[in-house]
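Sequential numbering from 175 applies to the sequence shown in the working numbering.
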Amino acid sequence: MTLDDVDGVQEVERASFPVPWPANAFRHELTQNKNARYLVAREGGHIVGYAGLWLMVDEAHITTFAVHPDHRRRRIGERMLVRVFELAAALNAEWLTLEVRASNLAAQRLYEKYGFRRAGVRRRYYSDNNEDALIMWTERLRERPVRERLAKLKAELVETD
């Protein structure tokens, strides 16, 4: 993601979240947060999804992840998640972590498919409705089962394209 992508990311953000991050938050992340990394997914030249992570010591924490509602159920999120795994590994992260709404079962299924496991709950985490967040972690990214799962799922994505 670059500063030129912020307007497109904002469209996805507003369509995806009840309390969207403001554009200046993304600009700050891109220019001031040395631990932040962001990527975008495009279709037809338009941004249809994005993901962000923070690298903190040996952990890559997914801070945000969204696909525009008009583009969901087309494996865009799955392709982005593969890219997030690859980015985390390239940054020498040991684990990936995230929080997800307790009600977001589709996202939970995707994360579980890629090896995330529930590690706890943050009570009343989301300010718009006080919904709980599930805390999810992967196993160590360098472990053989994690690498093999990612390779298998990535190959399946390529086969279906």
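All residues carry an ideal CB built from backbone N, CA and C; glycine is no exception.
Inter-residue Cα distance where the pair is residue i and residue j
i	j	result
R257	A293	23 Å
A240	Y300	16 Å
R283	E217	24 Å
A210	L261	11 Å
R323	H235	20 Å
L331	V295	31 Å
V304	R298	What sits at residue 304 in the sequence shown is Asn, not Val. Going by the C-alpha atoms only, they are around 4 Å apart.
Q206	R248	33 Å
Closest Cα partner of residue i within the set the options
i	options	result
I221	D306, R253 and Q184	Q184
R253	A215, D181 and N198	A215
G289	T312, L327, W195 and K326	T312
A325	M310, S190 and L255	L255
F259	L327, N207, R246 and D181	L327
E286	L265, R246 and V320	V320
I309	R291, D302 and R318	R291
Contact check, residue i vs residue j, beta carbons under 7 Å
i	j	result
A307	E268	no
H242	V186	yes
E233	T271	yes
I250	G223	yes
A199	V180	no
Residue i CB to nearest heavy atom of the ligand ADP below 6 Å
i	result
E313	As presented, the structure is devoid of all ligands, the ligand ADP included, so that no description of it is given.
Reduced DSSP category for residue i - H, G, I as helix; E, B as strand; rest coil
i	result
M254	helix
E305	coil
H235	strand
A225	strand
G182	helix
R318	helix
Nearest-angstrom beta carbon gap, residue j and residue i [assumed within contact, 8 Å]
i	j	result
L213	M175	6 Å
A263	L315	5 Å
L177	R201	6 Å
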